[in-house]
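Sequence positions in the sequence shown follow mature numbering (1 follows the signal peptide of the UniProt record, and there is no 0) and run -20 to -1, 1 to 502.
Glycine included, each C-beta is placed from N, C-alpha and C at the ideal position.
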Amino acid sequence: MSLLLGALLLVAAASTSAGAATGSPPTSAGAPRPLGQIVPAPASVAPGGTPYTITSTTPIRVDAASGAEGRRIAGYLADVLRPSTGYALPVKAEGPGGIRLRLSGDARLGEEGYRLESGRGAVTLTAHRAAGLFHGVQTLRQLLPAAVEKRTKQPGPWQVAGGTVEDSPRYAYRGAMLDVSRHFFTPAQVERYIDQLALYKVNKLHLHLSDDQGWRIAIDSWPRLAAYGGQTQVGGGKGGFYTKADYAEIVRYAASRYLEVIPEIDTPGHTNAALASYADLNCDGVAPPLYTGTDVGFSSLCVPKPVTYAFLDDVVRELAAMTPGRYIHIGGDEAHSTAHADYVAFMDKAQAIVGKYGKTVVGWHQLAGARPVAGAVAQYWGTDGNEAEVVAAAKAGTKLVMSPANRAYLDMKYDANTKLGLDWAGLVEVDKSYAWDPDAFIKDLPAGSVLGVEAPLWSETLTTSADIEYMAFPRLPGIAELGWSPARTHNWPSYRARLGAQGPRLAALGVNFYRSPVVRWE
Ligand code: ACM
């Protein structure tokens, strides 16, 4: 398979340089896209045989084993394909021919893997689990011409190259984080981002729900957190918060795209919005004003006070009850106003509370400098890869999610001219963002320490969906590829060509992406 993939990459590279020389797109009009030319790169690609063509009579067929969830995924695929093709694409029971979705007993495809077989009469997606069918649908979308993503009728033809893709992820955890505290984003804005993440097989959505500037989730037992602590944001705008119904809708929508929501309540620092909402949470009993600036490190929960843990217990209990996913993120970064001994004592109690409600703790990697409980996950956001306490925690069994700020932080400016974003971790062009190996970024990690990758997007400077998209695209697909694709496929020239092919697709989807000069856009 690797020989075939190598051959394919050579073909892709050759067609790209030919395209660059003539100024024409690398794929001639009418010919199907090369089978493996998608993001993330598939694990194996065996091109060959007759292309499959979607026509006005094509059905989408779902086998009995796929059940109601298979039919829902077929409906999702039909919703993508119908407006641009203009075809009816009825969802039918299994049978020969058409676009076929099948759940097999083939456990080798794993929890998220799939096989796509394309030929004269059918394109068949086979998976062991429904998640694999959903990811396979994303591959099928990308194998069709970019115009398939438009919402008005397009000319076609709608061909999928012949051959077989067999694919499953390198890491189980492939996340994106959205900071809804520094600026609030509505459920509709979050769902728009979820749809964009799903296209690249991202399977975790980490929501940074609280910080100094705003508390964004309704907690019934502490109602002022959201009602008061949620009423502003950076720059002094009106802020906002999610009701429990809003949050349930985001969780439902994310699950329908196979993303697990990971809520974060940042503690013990980054807590001004909570401290402003309840005077009792402060060591001196005096509530500070709401904060709309962008400084960090000035706030702390009061570690010695029992009310701090009553508060945390209530918040985690309510958050756990509304979160079907396995993780709760307790922050732990930049606690510059908390003495180290207090930080360690606080983290002991906070981790125990998360465990009490049956969830797995995630913390920023400063948790490694405290006492991570068994099973805790540390999210690495450093830039050097030489933090001894992180290596020590990993040797003791703590798993890592890799978000090195000088690679994976989507809020870093691309170059000195980028209007949005920050630059404290440096300027991060698209090639730099892709140039790292999650297993190797931190030196001397034991094998198997890395659970996956996450691309955080902090929102000090971002207020609209267009802003989110400009910073996330096109770096997010690269982080998604590092999370999904086998290490042996990691290759900038190959990625650059495949990313260039995403340009017309992102444009057809109405995504406001940065047309990086290091990418040769089709
Ligand atoms: C962070 O960027 N403070 C996690």
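Contact residues of the ligand ACM (beta-carbon closer than 6 Å to any heavy atom; chain order) are Asp313, Glu314, Trp344, Trp361. If one requires a minimum length of 3 residues, the beta strand (DSSP E) runs lying completely within the segment 258 to 343 are 307 to 311, in chain order.
At a cut-off of 3 residues, the continuous stretches assigned as beta strand (DSSP E) that sit fully inside the segment 70 to 111 are 71 to 73, 78 to 83, 94 to 98, 102 to 107.
Where Thr247 is concerned, there is no enclosing alpha helix (DSSP H), although the beta strand (DSSP E) around it starts and stops at 240 to 247. One Cα belongs to Arg62, the other to Tyr307, and the distance between them is close to 37 Å. Sorting Tyr151, Gly85, Arg82 by C-alpha distance to the C-alpha of Val433 places Tyr151 at the top. Ranked by Cα distance from Thr272, the first of Pro167, Ser161, Gly349, Gly377 is Ser161.
When DSSP states are grouped into helix, strand and coil, Thr38 belongs to the coil group.
Nearest neighbour of Asn366 by Cα position, chosen from Ala350, His345, Val353, Ser46, turns out to be His345.
Straight-line measurement puts the Cα of Phe493 at about 16 Å from the Cα of Tyr389.
Taking C-beta atoms under 8 Å as the contact rule, Ser257 and Tyr208 qualify, at a distance of about 5 Å.
DSSP places Lys379 in the uninterrupted beta strand (DSSP E) bounded by 379 to 382. For Gly406, the CB contacts under 6 Å within the same chain, skipping 5 residues up- and downstream, are Asn386 in chain order.
Below 8 Å, too few C-beta pairs join the segment 105 to 117 and the segment 126 to 136 to call them touching: fewer than three. In the three-state DSSP reduction, Ala388 falls in the helix class (H, G or I). One alpha carbon belongs to Val342, the other to Pro14, and they sit about 40 Å apart.
Here the alpha carbon of Tyr414 sits roughly 24 Å from the alpha carbon of Gly490. For the 7 Å CB-CB criterion, Pro149 and Glu92 form a contact. With a contact defined as Cβ atoms closer than 8 Å, Val140 and Gln482 miss out at about 17 Å.
Annotated three-state conformation of Gln139 is strand, per DSSP. If the five residues before and after Pro248 are omitted, its C-beta is found closer than 6 Å to the C-beta atoms of Ser280, Leu281, Ala315, Thr318, Phe326, all from its own chain and listed in chain order. Going by DSSP, Val433 is part of no alpha helix (DSSP H) but of the beta strand (DSSP E) stretching over 430 to 437.
In the DSSP assignment, Arg154 falls within the unbroken beta strand (DSSP E) covering 153 to 159. Taking C-alpha positions only, Ser201 is separated from Asp260 by approximately 15 Å.
For Val410, no beta strand (DSSP E) segment is defined; the enclosing uninterrupted segment is the alpha helix (DSSP H) at 410 to 414. With at least 16 other beta carbons inside 10 angstroms of its own, Gly116 counts as buried. For the pair of segments examined, the segment 166 to 177 was found not to touch the segment 38 to 50: the number of CB pairs separated by less than 8 Å stays below three.
Scanning its chain for C-beta atoms nearer than 7 Å, with the 5 sequence neighbours on each side dropped, one finds around Ile448 the residues Tyr173, Leu437, Leu442, in chain order. Ala460 places its beta carbon 7 Å or farther from that of Tyr32. In this structure, the beta-carbon distance from Pro22 to Val145 falls below 7 Å. Listed in chain order, the non-local C-beta contacts of Glu74 below 8 Å within the same chain comprise Arg41, Val42, Asp43, Ala44, Arg80, Arg82, local neighbours out to five positions each way being set aside.
Every unbroken stretch of the beta strand (DSSP E) spanning 3 or more residues and falling wholly within the segment 168 to 233 is given here in chain order: 184 to 191.
Closest in C-alpha terms to Asp419, from the list Arg468, Ala396, Val410, Arg52, comes Arg468. Assignment of Ala235 by DSSP, reduced to helix, strand and coil, places it in the helix class. In the DSSP assignment, Ser64 falls within the alpha helix (DSSP H) that extends over 47 to 65.
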